[in-house]
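*Asks:* Residue numbers (my numbering): 1 to 117. Yeah, the Cβ is synthetic: ideal placement off N, Cα and C, and Gly gets one too. Take a look at the following structure, please.
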């Protein structure tokens, strides 16, 4: 009985929709750089806004601060991954901005051209 529940738990833990898909241990090649840029900007903007309004909303500011911090951490992970693929710093940044955070073009399978009848 214990092995069956362990098996179900292991399947849940490692599934495509399991808890590993939204936390820090998500594979870096599956992280969207453009989404992380948007989250970083959102966290920074709203953290600043929470300090400008009256009354100051420290709780909301802390949530947005950590949102921006986590997004910044994920961006550094994606940048480091791009560097390990052999891209220069500027190429890595441009890949992140353009949403190309997966494998380099040489490692991706070539797309077939449509057949002309």
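For residue 118, which three-state DSSP category applies?
*Replies:* What is shown of the chain runs 1 to 117, which leaves residue 118 out entirely.
*Asks:* Hey, would you say residue 96 sits closer than 8 angstroms to residue 82, going by beta carbons?
*Replies:* yes
*Asks:* If you reduce the DSSP assignment to three classes, tell me which class residue 11 lands in.
*Replies:* helix
*Asks:* Let me check understanding here. Comparing Cα to Cα, which of 91, 90, 14 and 72 lies closest to residue 37?
*Replies:* 72
*Asks:* Taking buried to mean at least 16 other C-beta atoms within 10 Å of its own C-beta, is residue 1 buried or exposed?
*Replies:* Confidence at residue 1 is low in this model, with a pLDDT of 48, below 50, so its placement is unreliable and the value that follows should be read with caution. By the neighbour-count rule (16 or more Cβ atoms within 10 Å), residue 1 is not buried but exposed.
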